[in-house]
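Q: Protein chains in written order, with our numbering: chain W, 297 to 687; chain B, 167 to 491.
Here's a structure for you.
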Ligand SMILES: Cc1ncc(C[n+]2csc(CCOP(=O)(O)OP(=O)(O)O)c2C)c(N)n1
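Encoded structure:
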């Protein structure tokens, strides 16, 4: 796991007196503040990505989770280090909780040579089984059956590990979602399926995605328990997921958790959200921002001081500044690296035919040895291999 | 006459066909009010209503299967894949069901599945694919992939009127970069006929889609720098292939280069080379060469994408080798 936020200073309310405060869901004071750290880290990192996008330093699109930080952070926080999750594009927070670092995310978005996928893949499409996350692919729903398999292996080996997979309201319409959840349910895999209901799939409102009144109702059809919670309340998201995780760990199989939230930005930065009714976004921003809501709760109910809160903000800002600095100085990938790593074996040298700048004529000697094969003397491909082994 | 883009040409075809025939309807993700991810269907639902321009759930199998059922009943569905990459999700429905329906069970499937394809846009592995080869291998599907705005419109209209299922690939890199002037009246282009994009004597480049433009660029350079005169054949339809056009250019120049953006192994270039070998061996002065993408999933970083995808300089290099053979 990534470094946790150190415990804050002395517990002090705004009136300066010490209080005996209890925290919900069995959380400690440190954990309560840690939840705030992960949400703030998610938001600040995405704000930084927006700045880099405007400077055209982000390659391709930018997908935000503004207003959804609580559901990703709260749910992922319910897992242990040995558990495995698979996020969606809007679950950046869950990746951070599981140990992905801001510098990795920044490099990935900027398509750097030392990004987790060495420039092959984009945004949060990357994984690390050691840290317990497996990146999604674009085709929606595909990770549900994959996570059924991940958790099936936990069951088969008798490991007390749990899996968690996120799907959007839109992705629930895919065949892969249905097949995966049904498979996992029948096999009683230790899997939690989190439906992140944020109201829209690209431009399509949820009512055009399903006639079901709510996604938890679908659990009945699969014969598994389902529970819904306020996804903009980080502690509620934690609590409801924790119950499902505990069930899974206890051998009780699959559960479905529906977290209610709202996508305040467009599908990606280029989407102007013209399809959203007037006032809707503002209402969520002003009345139901998960970070603002939590800050108010930290100050009031949980009696954290302003200094404790701004310490977290300051630390996050420093971390993101440092990470940006490092990521911006990362080198671009080497073109030839594109050719290695398709198979574990045989590795490396792919057959090449004409490469620009490398060969302008073909003489018969080259043809005789099968011209079109990249000359073995050119070490670039093996350098690519070496770089990978250093990861 | 005003010029319109490749994208607008596709939109015009949809408008005109929906005006012409009440049985034509569109279905896909985010195509109604939003007008589609690339805005190809913009304005369509305002004109024809959300009954004939249907926003569907995210379910490619459902969309394609439903289109087939409607087609059996005499409707003319036009399916949009938000990105053609997701046609893979509907592969079963298209290859097992749709492609075999007429042959097996005398069930007509007059439908179109269209969508943005191709790379050069930093879209990463799942927003850049050219999956035509997999479908060309399946008898019962027609495959069309235009390179010009005129063809995009004319071929889409033909595809909608066709009695069979037509997969209509659109190159997203061309959407807003390529313009053309539409002939007046009911402009259709026949499916199955290639187009001579440039007339030459010394060697032939057989290609399609975005590569046509790179081939033309290469041909210009070869003419200027090497004095070579290059025949460029734009296939337009990939299934069925226009054998006549392939043979004609081969017999004319005796040196052929096949270029496509898709990966090399199992790509359609291999099929074209085989056909030339079978029917034109005696006319060849050199082995038929291919320029294609490398056999790797398409990577995201610009440096990697540019390296993996064929570039104009690759075509020039290969053409020079061919001419010197
Ligand atoms: C199988 C498939 N079809 C279409 C798409 C294109 N697409 C990407 S994201 C998206 C909407 C996703 O909505 P949802 O699952 O609700 O997630 P959200 O974006 O709201 O977080 C669509 C249609 C895709 N990625 N995969």
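Glycine residues also receive a C-beta, built at the ideal position from the N, C-alpha and C atoms.
If you draw a straight line from the alpha carbon of residue 511 of chain W to that of residue 227 of chain B, how long is it in whole angstroms?
A: Whole-angstrom Cα-Cα distance: 21 Å.
Q: Assuming residue 439 of chain W is part of the beta strand (DSSP E), what are its boundary residues?
A: It is not in any beta strand (DSSP E) - residue 439 of chain W instead sits in the alpha helix (DSSP H) that spans 439-452.
Q: Please list the residues of the segment 270-295 of chain B that have a C-beta atom closer than 7 Å to any C-beta atom in chain W, keeping them in chain order.
A: Cβ contacts with chain W: 288, 289, 290, 291, 292 and 293.
Q: Looking at the structure shown, is residue 387 of chain W part of a helix, part of a strand, or coil, going by DSSP?
A: Of the three classes helix, strand and coil, the one that applies to residue 387 of chain W here is coil, per DSSP.
Q: Would the segment 541-556 of chain W count as touching the segment 570-583 of chain W if we require 3 or more Cβ pairs under 8 Å?
A: No contact exists between the segment 541-556 of chain W and the segment 570-583 of chain W.
Q: To which residues of the same chain is residue 304 of chain B closer than 8 Å at the C-beta, ignoring the five residues directly before and after it?
A: Excluding positions up to five away in sequence, the list reads 260, 261 and 265.
Q: Restricting to runs no shorter than 3 residues, where is the beta strand (DSSP E) found entirely within the segment 310-394 of chain W?
A: Fully enclosed beta strand (DSSP E) runs of 3 or longer: 380-382.
Q: Residues of chain B with CB closer than 7 Å to the CB of residue 477 of chain W, please, in chain order.
A: Those do not exist, as residue 477 of chain W stays about 15 Å from chain B at its closest Cβ, beyond 7 Å.
Q: Shorter than 7 Å from the beta carbon of residue 629 of chain W to some beta carbon of chain B?
A: Residue 629 of chain W counts as touching chain B.
Q: Pairs of beta-carbons, one from the segment 331-347 of chain W and one from the segment 583-598 of chain W, closer than 8 Å: are there three or more?
A: Because the criterion of three Cβ pairs below 8 Å is met, the segment 331-347 of chain W and the segment 583-598 of chain W touch.
Q: Do the CB positions of residue 399 of chain B and residue 411 of chain B come within less than 7 Å of each other?
A: It is a contact, given that the beta carbons lie within the stated cut-off.
Q: Does the distance from the CB of residue 466 of chain B to the CB of residue 610 of chain W come in under 7 Å?
A: No; because the gap between Cβ atoms is not below 7 Å, this pair is not in contact.
Q: Count the CB pairs spanning the segment 480-500 of chain W and the segment 412-428 of chain W that are closer than 8 Å, and state whether there are at least three.
A: Contact between the segment 480-500 of chain W and the segment 412-428 of chain W is absent, because fewer than three Cβ pairs lie under 8 Å.
Q: Taking residue 307 of chain B as the reference, give the member of B:274, B:232, B:175 and B:338 with the closest Cα.
A: The residue with the shortest Cα to Cα distance from residue 307 of chain B is B:274.
Q: So which of W:482, W:370 and W:406 has the shortest CA-CA distance to residue 346 of chain W?
A: Considering only alpha carbons, the answer is W:406.
Q: For residue 436 of chain W, which three-state DSSP category applies?
A: If DSSP states are grouped into helix, strand and coil, residue 436 of chain W belongs with coil.
Q: Under 8 Å: do the segment 455-466 of chain W and the segment 310-319 of chain B share three or more Cβ pairs, one atom per stretch?
A: Not touching, per the Cβ criterion.
Q: With a threshold of 16 other CB atoms inside 10 Å of the CB of residue 186 of chain B, please say whether the residue is buried or exposed.
A: Exposed is the call here.
Q: Could you give the distance in angstroms between the alpha-carbon of residue 492 of chain B and the alpha-carbon of residue 566 of chain W?
A: Past the boundaries of the shown model lies residue 492 of chain B; chain B is included only from 167 to 491, so the question cannot be answered.
Q: For the segment 188-211 of chain B, list every residue whose C-beta sits within 8 Å of some C-beta in chain W, in sequence order.
A: The residues in question are 195, 196, 199, 200 and 203.
Q: Can you tell me whether residue 405 of chain B is buried or exposed, with buried defined as 16 or more other CB within 10 angstroms of its CB?
A: So residue 405 of chain B counts as buried.
Q: Any chance the CB of residue 388 of chain B is under 6 Å from a heavy atom of ligand 3?
A: Summarising the ligand content, the structure contains ligand 1 and does not contain ligand 3.
Q: Do residue 440 of chain W and residue 396 of chain W have their C-beta atoms closer together than 7 Å?
A: The answer is no: Cβ separation not under 7 Å.
Q: Assuming the contact rule is C-beta atoms closer than 8 Å, residue 169 of chain B and residue 347 of chain B should be a hit. Round their C-beta distance to whole Å, please.
A: Sure, about 5 Å apart at Cβ, within 8 Å.
Q: Identify the contact partners of residue 401 of chain W in chain B, using a Cβ-Cβ distance below 7 Å as the criterion.
A: Correct list: empty, because the minimum Cβ distance to chain B is about 14 Å.
Q: Our contact map puts residue 416 of chain B next to residue 434 of chain B with C-beta atoms below 8 Å; I'd like the distance itself, whole angstroms only.
A: Residue 416 of chain B to residue 434 of chain B, Cβ: 16 Å. No contact.
Q: Can at least three beta-carbon pairs, one atom from the segment 192-200 of chain B and one from the segment 212-225 of chain B, be found at a separation below 8 Å?
A: Counting Cβ pairs under 8 Å, three or more are found: they touch.
Q: Alpha carbons only, please: which of W:356, W:562, W:388 and W:557 is nearest the one belonging to residue 293 of chain B?
A: That would be W:356, whose Cα lies nearest to the Cα of residue 293 of chain B.
Q: With DSSP as the reference, label residue 479 of chain B as helix, strand or coil.
A: Three-state result, residue 479 of chain B: helix.
Q: What residues match up with residue 347 of chain B in a beta bridge as DSSP calls it?
A: Looking at the DSSP assignment, residue 347 of chain B forms a beta bridge with B:169.
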